[in-house]
Amino acid sequence: MTSKLGESCLNEPKIRRHIILYEFRSGLPIFECYKHFCARMGPDSLDFLEFEFWWMRFSAGNFDLDYDRSQDPKYRTISDMPVHIFEKICEKLGDNYQTKYRFTLRHVCKSFRALADSWIPICKKLSISSPPNGNMSLNFDWESFQYQDEQLALDDLISILKHPKLKLERFHFRDIRRFLGELLLKLESLKIKIHIENAHWSQSNWECQKRFFPFYRAETVQMVYIEGTQEKTMKFINEIGEIEPEERILFSRMEITLRYLYIKDATKIIKNFLKLSNLKYCHLKADLRTTVQLKINIERFGAKNQFDRPDVFHYPIANSNDYFEIEVQRNGIRIERKSVEA
Numbered sequence: 043m044t045s046k047l048g049e050s051c052l053n054e055p056k057i058r059r060h061i062i063l064y065e066f067r068s069g070l071p072i073f074e075c076y077k078h079f080c081a082r083m084g085p086d087s088l089d090f091l092e093f094e095f096w097w098m099r100f101s102a103g104n105f106d107l108d109y110d111r112s113q114d115p116k117y118r119t120i121s122d123m124p125v126h127i128f129e130k131i132c133e134k135l136g137d138n139y140q141t142k143y144r145f146t147l148r149h150v151c152k153s154f155r156a157l158a159d160s161w162i163p164i165c166k167k168l169s170i171s172s173p174p175n176g177n178m179s180l181n182f183d184w185e186s187f188q189y190q191d192e193q194l195a196l197d198d199l200i201s202i203l204k205h206p207k208l209k210l211e212r213f214h215f216r217d218i219r220r221f222l223g224e225l226l227l228k229l230e231s232l233k234i235k236i237h238i239e240n241a242h243w244s245q246s247n248w249e250c251q252k253r254f255f256p257f258y259r260a261e262t263v264q265m266v267y268i269e270g271t272q273e274k275t276m277k278f279i280n281e282i283g284e285i286e287p288e289e290r291i292l293f294s295r296m297e298i299t300l301r302y303l304y305i306k307d308a309t310k311i312i313k314n315f316l317k318l319s320n321l322k323y324c325h326l327k328a329d330l331r332t333t334v335q336l337k338i339n340i341e342r343f344g345a346k347n348q349f350d351r352p353d354v355f356h357y358p359i360a361n362s363n364d365y366f367e368i369e370v371q372r373n374g375i376r377i378e379r380k381s382v383e384a
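As structure tokens, then:
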């Protein structure tokens, strides 16, 4: 049954075009936009070809809602090809065509670009590199793209990062100082938040990573992996305690790997982490050589040793019914937030 909105608008082409434009600006693929339009206006309110005509005009950057279709050209070019036909052609390019040819197609014309940008990115791992004397490289899973033109590379990269359904398991970059400022400005201007599940940070990219903190969706980060020398790692941990609380949420679950760790530094790390109210889990992997003095130091913080588990301590969290369980072994330290059972 046609909705009341549809009944009042069926005979108003310009209103229908406004609604098509509204659906187009949602950023969803054309077929999803058409489904939403039919749900809003009624299943028989507009055939797909008419909807596609206006959607393709909008994707080409033409937003003239007063256009008279009697002015349609007698002959069309490849850029006027119906979307569903173009999709069928693309499918013949192979199983992974959306990744392999995405950037090639988006630079053919505006309508092809809109279609390619509507494809949901299926990559799980994204890495960027731009060595001082080399081409910029974008790597999506196993597909690599090389660019001499950094502006072209940034345009392609942003088209991926801004997709609302992008879900990355890993995001890595190195040697990107050349264009880092411009990339961050674009992320800020477009209000982009990146879905990332696992963050891998080391002393080589730490300074760059800090500038990306505001652009990560903190709720999607499942684990932060940190590697580096003992000196650099101590610096990382000190800085974690100094960043803004809303960004500190990124570090609720961490795995830190070191070759070895002195008791003095291990004590300082534990003391700092016990102050992080948002901490849920931390596994510090390192050779501790000895644990006797470290256990004494932990008890001095107010943690209680568990008599049935001599390597485990419970540290009560202020203003909470929760506590940190601290496990100390020769090969590392585990801190995990737990709740007192009722």
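All residue numbers for the sequence shown refer to the numbering used here, where the first residue is 43 and numbers rise by one.
Backbone N, C-alpha and C fix where the C-beta goes; we use that ideal spot for every residue, glycine too.
query: Within this structure, are the beta carbons of residue 380 and residue 367 separated by less than 8 angstroms?; result: yes
query: My output table needs one value for residue 141: the three-state DSSP class, helix, strand or coil.; result: helix
query: Do you know how far the Cα of residue 330 is from the Cα of residue 357?; result: 21 angstroms
query: If we count Cβ pairs, one from each stretch, closer than 8 angstroms, do we get three or more for the stretch 306-315 versus the stretch 367-377?; result: yes
query: Within this structure, are the beta carbons of residue 168 and residue 158 separated by less than 8 angstroms?; result: no
query: Relative to the C-alpha of residue 209, which candidate in 263, 296 and 353 has its C-alpha closest?; result: 263
query: From this set, 362, 342 and 71, which residue's C-alpha is nearest residue 206's C-alpha?; result: 71
query: What number of angstroms, rounded off, separates the C-alpha of residue 223 from the C-alpha of residue 74?; result: 35 angstroms
query: Entirely within the stretch 290-330 and at least 3 residues each: give me those beta strand (DSSP E) ranges in chain order.; result: 295-302 and 323-329
query: For residue 204, which three-state DSSP category applies?; result: coil
query: Three-state secondary structure (DSSP) at residue 214?; result: strand
query: Output the boundary residues of the beta strand (DSSP E) element that contains residue 267.; result: 265-269
query: Taking the continuous alpha helix (DSSP H) assigned at residue 55, which residues delimit it?; result: 55-66
query: How do the stretch 227-244 and the stretch 186-195 stand: do at least 3 beta-carbon pairs fall below 8 angstroms, yes or no?; result: no
query: Please state if the CB of residue 270 and the CB of residue 245 are separated by a distance shorter than 8 angstroms.; result: yes
query: Between the C-alpha atoms of residue 185 and residue 142, what's the straight-line distance to the nearest angstrom?; result: 7 angstroms
query: Can you look up residue 44 in the DSSP assignment and give me helix, strand or coil?; result: Bear in mind that the predicted position of residue 44 carries a pLDDT of just 46, short of 50, making it unreliable; the figure below should be weighed with that in mind. Residue 44: coil per DSSP, three-state reduction.
query: Indicate whether residue 56 and residue 101 have their beta-carbon atoms separated by less than 8 angstroms.; result: no
query: Spatial neighbours of residue 117 within its chain, please: CB distance less than 8 angstroms, with the 5 preceding and 5 following residues excluded, ordered by chain position.; result: Note on residue 117: pLDDT 49, under 50, position unreliable in the model; the coordinate value appears next. Cβ within range, chain order: n/a, list empty.
query: Taking 7 angstroms as the line, does the beta carbon of residue 296 fall inside it for any heavy atom of the ligand GTP?; result: With respect to the ligand GTP, the structure offers nothing, as it holds no ligand at all.
query: Can the beta-carbon of residue 334 be found closer than 8 angstroms to that of residue 292?; result: no
query: To the nearest angstrom, report how far apart residue 355 and residue 289 are at their CA atoms.; result: 28 angstroms
query: Distance check for residue 137 and residue 182, CA to CA, integer angstroms please.; result: 15 angstroms
query: Under a Cβ-count criterion, where at least 16 other Cβ atoms within 10 Å of its own Cβ denotes burial, should residue 227 be classed as buried or exposed?; result: exposed
query: How many whole angstroms separate the CB atoms of residue 91 and residue 58, which I take to be in contact at a CB cut-off of 8 angstroms?; result: That pair is no contact at about 14 angstroms.
query: Out of 54, 279, 145 and 322, state which residue places its alpha-carbon closest to the alpha-carbon of residue 376.; result: 322
query: Comparing alpha-carbon positions, which option in 378, 277 and 219 lies nearest residue 320?; result: 378
query: Does the separation of the CB atoms of residue 214 and residue 237 fall below 8 angstroms?; result: no
query: Taking just the CA atoms, how far does residue 240 sit from residue 225?; result: 21 angstroms
query: Taking Cβ to Cβ, would you say residue 170 is nearer than 8 angstroms to residue 199?; result: yes
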